[in-house]
Structure formats: structure tokens, C-alpha cells
Amino acid sequence: RMGIKEKLYILKNHPWILLLTLFVFGCLFAIGLYVVLSLAHEQEQASRDEARDLATRTASWFSEALDRALLPVFALSRLVEQLDMFATIPEEIGAAFHTGSLPFLPPEEAGGFMRRNMTGTSCSDAEKIERFNNIAATIKRGAKMEGILVNLQVAPLAVVCYAYPLVNTEDFEPPKVLNSTEIIGLDNLAESKRSASAKETIQSDGVVIAGPLTLRQCTDCDPTVKTAFIAWVTIDSLTENQVIKIDGIDHDKWGFATALINWAELVNRSDVNEKFIEKGLNYQLTRTDEVYNDQTREFESKVNILAGDEEFACDEINTESVDINTANNVWNIKVGKNEGFVPRWKNKSIAAALVGAFIVSFMLMIICIESQSHHDLLRDMLPPKALRKIKNYKTCVEKYDIATVFFSEIVGYTAM
């Protein structure tokens with residue numbers, strides 16, 4: 170059996186063995202690497218496609234859910250246009266700070282808001298309030314969105330006149346309650362926190378959605394609604410000369426209808442979160458708004474998180490993103506994996522391909538060395554002609570017509 174030195178000697182004198190070994194190693198490793206990378210890429214792409222498909226389906230669900238949540242406020246706006254009881258309320262209220270218009274309540278009575286004194290108007294008429302409550306209750310029941318559609322309002326001249334339920338206990342577990350008593354008379358155009366959305370609604374011909382925002386009954390109270398949207402739908406003038414002036418421009422508008430949507434409850438009731446957990450995925454639904462900064466007098470981008478993880482830790486490489494066209498601007502949903510879409514076995518498989526290629530090529534080298542050693546031995550023992558015959562798998566027999574057989578003995582050899 171050959172030792173290491175003999176094998177190295179053969180390698181030195183026959184370099185083709187080492188070259189063949191390296192060639193085979195390179196080919197085997199290249200084939201193994203190609204197979205591993207191809208399978209890994211296929212699985213990674215399948216995971217990405219699955220994530221993108223789930224993101225697309227989730228995006229469609231959110232868009233449809235928002236559309237369903239907006240249907241009641243559209244229905245309310247159409248009823249306002251059809252019923253005479255609402256037609257002349259703007260004339261009763263009047264434009265803010267104009268002579269003959271309803272005055273604002275003193276700060277100590279307004280609860281910190283810009284509220285008009287609605288006493289003696291249709292907005293304080295018990296019979297009309299009951300009629301509005303019946304209309305709003307019918308719309309709310311028909312929507313079948315208990316706990317999600319938590320309030321319906323109408324605001325002639327952008328001043329809240331009616332709200333249902335005024336005190337909402339039906340959509341919340343005790344002791345939570347949504348008390349809208351202090352919202353009656355709120356002048357959305359005069360209220361600084363709502364004026365921008367109110368102006369946008371009056372100037373538009375569709376729906377404007379504000380939020381997400383948190384609804385609390387007091388500053389230190391726990392949120393009644395953690396994530397809410399306020400949807401405003403504009404209503405055109407119902408009588409002649411009914412206008413709302415915005416930045417010096419008259420708009421032929423009666424006002425708008427409003428809905429408060431408990432978005433957090435809508436998301437919680439869906440199985441969206443469970444689907445992502447089941448697939449081992451993270452997601453985040455966001456909307457980017459351009460907000461005007463009064464101090465810098467420039468618009469700044471503000472990203473609002475609407476659903477999913479508050480902290481989305483996945484990097485861009487391991488994230489799939491889908492845009493959603495909704496009634497509330499363009500939303501974006503990001504889906505990703507913390508450990509990445511690349512299969513975990515990829516690096517281990519590459520290492521296995523490397524080790525496998527090395528073992529096979531090393532075994533081939535040993536076989537070549539043994540074969541060359543055998544060949545060298547035969548070359549030293551046999552004549553070239555006989556060796557050629559053996560290599561060609563022929564029987565090595567020589568015929569001689571005359572032969573002499575010589576027997577001899579070495580003296581003393583046996584004793585040695």
C-alpha cells in the first residue's frame with residue numbers, strides 16, 4: 170500500500186492527475202451551485218409571489234371595507250337632498266360672524282370648541298331630532314356595521330346640527346361610551362383642527378376622509394376609539410342663494426354629511442392579522458399625507474399607519490409593496506419577512522455542494538494515482554510490446570519455434 174510520499178511523487182511526475190481532479194471539482198461544484206441557486210431562487214420567488222398575492226388580496230379587502238363603510242354617509246347625504254326638513258337649515262344658522270347669524274357659545278359653555286348656539290333652531294327641535302334619529306338609525310342598521318359605524322351627522326354650512334347616536338353605548342363595551350353632545354353646534358370651518366378638512370370637503374364634489382385619529386371623551390381618558398376615520402360627503406345647495414364662502418370664493422353647497430368609522434374595530438374583526446401570522450409574514454398599511462406646516466410654510470410628508478405592525482423592521486430587500494387606490498387617496502401595504510424570503514437551507518446547500526464536489530474529486534484523484542502506480546509497475550516489469558497488449562486487453566503470449574529451458578541454482582541461496 171502506497172504512502173503519502175509515494176502518492177505525492179506520482180502527482181509530481183504526472184501533473185495531469187491534479188489537473189483532472191481540479192477540472193472535475195470545478196465542474197461538480199458549478200453544477201451543484203447552479204442547482205442550489207436555481208432551486209433557492211425558485212422558492213424565493215414563490216415566497217415573494219405568495220407575499221405579493223396576499224398583499225394584493227389584503228389591499229383589495231381594505232379598499233372594499235372602506236367603500237362599504239362609506240355607503241351609509243352617501244345614503245344620508247342623498248336623504249338630506251330629498252327631505253324638505255333639511256332644506257332651509259343653512260338660512261337659520263347663517264355664516265359665521267355675520268349679522269343675524271347664530272352666535273358662538275361662550276368658551277366656558279363650548280367645552281373648548283368653536284360651537285354655535287343652536288337654541289331655537291331646527292337643530293334643537295325635538296320632533297325633527299327624533300325624525301333624524303329614525304332616519305340615521307335605519308341607515309345604521311341597514312349597514313350592518315355595528316361597532317364600526319359609530320356616528321352619523323349632518324352639518325349645514327359645516328355646522329353640526331344632528332348626530333346619531335348622540336350618546337352611543339350600543340357600539341361599545343361598558344364603561345366605554347361615545348358622547349357627542351358637545352359636538353352639536355360645532356362650526357367645522359371655524360374650528361382650527363377641522364377647518365382644513367371642512368374646506369376641502371366644501372371645495373370638492375366627492376368624499377373627504379380625515380384620519381386616522383383617536384377619539385377620547387377627555388384628555389386623560391383611555392381612547393374610546395383607538396383608530397378612527399371621519400368621512401365627509403359634500404351636499405349641493407338645496408335652495409337658491411345657498412352658498413358657503415371659502416377663501417373669498419362662493420361655493421353652491423348646503424353643507425355635508427359626516428360618518429365616524431371605527432377603523433380599529435373593522436380591522437380587528439377581520440382575519441387579516443391571522444393570515445399574516447399563519448404565513449410568517451409582517452405587514453404594515455400606511456397612507457402618506459402632505460401636511461402644511463404653518464411655521465415653515467411648506468408641505469411636509471406625514472406617514473400614517475392604518476393597520477399592521479407599528480414598527481416594520483423588514484428591510485427593502487425582504488419587502489414586497491403594493492399601492493391601493495381608495496376613496497381616501499393612495500394607500501400602501503408592505504409585506505415582509507424578518508428572516509428574509511431567501512430559503513434558510515441555501516447557504517448550507519452551497520456548503521454541501523462544495524464538500525460533495527471535493528469528496529468526489531478527491532476519490533477520483535486517489536483512483537487515478539493507484540491506476541498510474543499500477544501502470545508504472547507493469548512498465549518496469551514487462552517489455553513495451555507486452556505492456557501494450559495488456560493495455561488493449563489482449564493475452565500476452567509469444568510463440569518460439571526453438572526454445573531452450575535453462576535451470577540454475579544459486580549456491581547457498583536456500584540456507585540464506
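Numbering (the numbering used here), first residue to last: 170 to 585.
Backbone N, C-alpha and C define an ideal beta-carbon position, used for all residues, glycine too.
- When only Cα atoms are considered, Leu384 and Ala367 end up about 18 Å apart.
- Contact check for Ala327 and Asp356: beta-carbon distance about 7 Å, within the 8 Å limit, so the pair qualifies.
- Boundaries of the beta strand (DSSP E) around Gly505: 498-505.
- DSSP places Ile418 in the strand class (E or B) of the three-state scheme.
- Here DSSP, grouped into helix, strand and coil, assigns Val580 to coil.
- In this structure, the straight-line span from the alpha carbon of Ala397 to that of Gly417 is close to 32 Å.
- Cβ atoms of Gln541 and Ile186 come within 8 Å of each other, at about 7 Å.
- Lys313 carries a coil assignment under DSSP once its states are collapsed to helix, strand and coil.
- Boundaries of the beta strand (DSSP E) harbouring Ile493: 488-495, taken from the DSSP string.
- Rounded to the nearest angstrom, the Cβ distance from Leu189 to Cys537 is 7 Å, consistent with a contact under 8 Å.
- Listed in chain order, the non-local C-beta contacts of Ile415 below 7 Å within the same chain comprise Lys368, Ile371, Gln372, local neighbours out to five positions each way being set aside.
- Below 8 Å, too few C-beta pairs join the region 442-449 and the region 284-300 to call them touching: fewer than three.
- In the three-state reduction of the DSSP assignment, Asp484 falls in the coil class, being assigned neither a helical nor a strand state.
- Note: Phe273 is bridge-paired with Arg285 in the DSSP secondary-structure output.
- Counting every other CB atom within 10 Å of its CB across the protein chains shown gives Trp500 a total of 16 or more, marking it as buried.
- In this model, Leu206 and Lys515 are separated by some 7 Å (Cα to Cα).
- Contiguous alpha helix (DSSP H) elements confined to the region 517-571 occur at 553-560, taking only those with 4 or more residues.
- For Phe575, no alpha helix (DSSP H) segment is defined, and its DSSP state is neither H nor E.
- From the listed residues Phe273, Lys554, Asp570, the smallest Cα separation to Thr564 is found for Lys554.
- Just so you know, the alpha carbons of Val242 and Gly281 end up roughly 27 Å apart.
- The beta carbons of Asp492 and Asn473 sit about 15 Å from each other, so the pair does not count as a contact at 8 Å.
- Rounded to whole angstroms, Ile502 and Ala228 show a C-alpha spacing of 7 Å.
- Between the beta-carbon of Asp421 and that of Val412 there is about 6 Å, and that keeps the pair under the 8 Å contact cut.
- According to the DSSP assignment, Leu318 belongs to the beta strand (DSSP E) that extends over 318-325.
- With fewer than 16 other Cβ atoms from the protein chains shown falling within 10 Å of its own Cβ, Cys390 counts as exposed.
- For Gly509 and Asp218, the gap between their C-alpha atoms comes out near 14 Å.
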